[in-house]
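*Asks:* Numbering-wise (my numbering), the sequence shown opens with residue 13 and increments by one.
Even glycine gets a Cβ: it sits at the ideal position worked out from N, Cα and C.
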Amino acid sequence: MSYHHRYSDGRMADLPLGKVVCVGRNYADHAAELNNPVPVVPMLFIKPSTAVVPLEEPFAIPDGLGRVHFETEMAILIGKRLKAADEQSAADAIVGVGLALDLTLRDLQDDLKCQGHPWEKAKAFDGACPLSAFVPADQVKDLQDVQIRLRVNGETRQDGNSRYMLNPVLPLLSYISRYFTLEPGDVVLTGTPAGVGPIESGDRLDVELVDILERQTAVL
Numbered sequence: 013m014s015y016h017h018r019y020s021d022g023r024m025a026d027l028p029l030g031k032v033v034c035v036g037r038n039y040a041d042h043a044a045e046l047n048n049p050v051p052v053v054p055m056l057f058i059k060p061s062t063a064v065v066p067l068e069e070p071f072a073i074p075d076g077l078g079r080v081h082f083e084t085e086m087a088i089l090i091g092k093r094l095k096a097a098d099e100q101s102a103a104d105a106i107v108g109v110g111l112a113l114d115l116t117l118r119d120l121q122d123d124l125k126c127q128g129h130p131w132e133k134a135k136a137f138d139g140a141c142p143l144s145a146f147v148p149a150d151q152v153k154d155l156q157d158v159q160i161r162l163r164v165n166g167e168t169r170q171d172g173n174s175r176y177m178l179n180p181v182l183p184l185l186s187y188i189s190r191y192f193t194l195e196p197g198d199v200v201l202t203g204t205p206a207g208v209g210p211i212e213s214g215d216r217l218d219v220e221l222v223d224i225l226e227r228q229t230a231v232l
């Protein structure tokens, strides 16, 4: 795939798109709203590169597959190889911070969960990860004090802070690297706060890391 990451000022990041590693239920309030137990250790899953589309452009959602839910997340761009890394190495590997939507086919996911099956069809479908350009990491003062906000058609639907992550960013990257080697160009989605819900064709979305990065997009 020819997609290369960019910074929010338009500069090429010179990193090809890799895999997207996601953590489920990383905010207790989000787990509670879906009546899910809070995991004891990070719950990980992967979206392939084919799931990624530019957040800055209108995006399509699947038709005829049930409800599509938004989940707004802070995204971390990896610039150095991480394998069984400590937290300092993880910090040194972060080269960008951005926005992502973890789109979820909720009805399908619920059905797969009931059958004890994996979630990939509900989480990793084509277009399941609208992803923004990245702010350079040194422009974010504290990864554990970032306000994450989403408005749908002008109505605030998600408004949470990264301080409430069950697994903060650096321990999370270190944990992930014990199981999946993180390569330059890989992206880590750090979980979503409460307020997730459905989107439909024609909806307009304002997605924001408050005072850091803001993007407007729409559902085709």
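#1: For the segment 81–167, list the alpha helix (DSSP H) runs that are entirely contained and at least 4 residues long, ordered along the chain.
#2: Pull the bridge partners of H16 from the DSSP assignment, please.
#3: Could you give the uninterrupted runs of the beta strand (DSSP E) lying entirely in the segment 176–212, keeping only those of 3 residues or more?
#4: Using a Cβ-Cβ cutoff of less than 6 Å, which residues in the same chain neighbour G207 once the five nearest sequence positions on both sides are dropped?
#5: Give me, in chain order, the residues of the same chain whose beta-carbon lies closer than 8 Å to that of Q156; leave out the 5 immediate sequence neighbours on both sides.
#6: Who are the Cβ neighbours of P7 in its own chain at under 6 Å, not counting the five residues just before and after it?
#7: With a CB to CB cut of under 7 Å and the five nearest residues on each side skipped, what residues in its chain are close to N48?
#8: Kindly give me the distance between the Cβ atoms of V35 and P54, rounded to whole angstroms, as I take these residues to be in contact under 8 Å.
#9: With DSSP run on the structure shown, which of helix, strand or coil describes E68?
#10: Using only the alpha-carbon positions, how far apart do L210 and A25 sit?
#11: State the start and end residues of the unbroken beta strand (DSSP E) segment that holds A230.
#12: Which residues in the same chain have their Cβ closer than 6 Å to the Cβ of E45, if we skip the five residues on either side of it in sequence?
#13: Strictly by DSSP, which residues pair up with N38?
*Replies:* This is what the structure holds:
#1: 99–105, 118–126 and 132–135
#2: Walking along the sequence shown from the start, residue 16 turns up at place 4. DSSP output for H16 lists P28 as bridge partner(s).
#3: 199–201
#4: Stepping through the sequence shown from its first residue, residue 207 is reached at position 195. R169 and Q170.
#5: What you label residue 156 is simply residue 144 of the sequence shown in a count that begins at 1. Correct list, in chain order: S174, R175, M177, P180 and V181.
#6: Residue 7 is absent from the model: the chain starts at 13 and stops at 232.
#7: Start at 1 with the first residue of the sequence shown, and residue 48 comes out as number 36. Leaving aside the five residues that flank N48 on each side, the residues in its chain whose CB is nearer than 7 Å to its CB run, in chain order, R37.
#8: Position 23 of the sequence shown, counted from the start, is the residue given in the question as residue 35. Position 42 of the sequence shown, counted from the start, is the residue given in the question as residue 54. About 5 Å; that satisfies the 8 Å criterion.
#9: As a first step, residue 68 is located in the sequence shown; it is residue number 56 there, counting from the start. It is coil, neither helix nor strand.
#10: Sequence index remark: in the sequence shown, residue 210 carries index 198 (1-based). Sequence index remark: in the sequence shown, residue 25 carries index 13 (1-based). The displayed chain sequence assigns Pro, not Leu, to residue 210. If you take the alpha carbons of P210 and A25, they lie about 32 Å apart.
#11: Against the sequence shown, residue 230 aligns to sequence position 218. From DSSP, the beta strand (DSSP E) with A230 extends over L225 to A230.
#12: On the sequence shown, position 33 is the one that residue 45 refers to. Here the set comprises A206.
#13: Taking the sequence shown and counting its residues from 1, the one referred to as residue 38 is at position 26. Its beta-bridge partners do not exist; DSSP assigns none.
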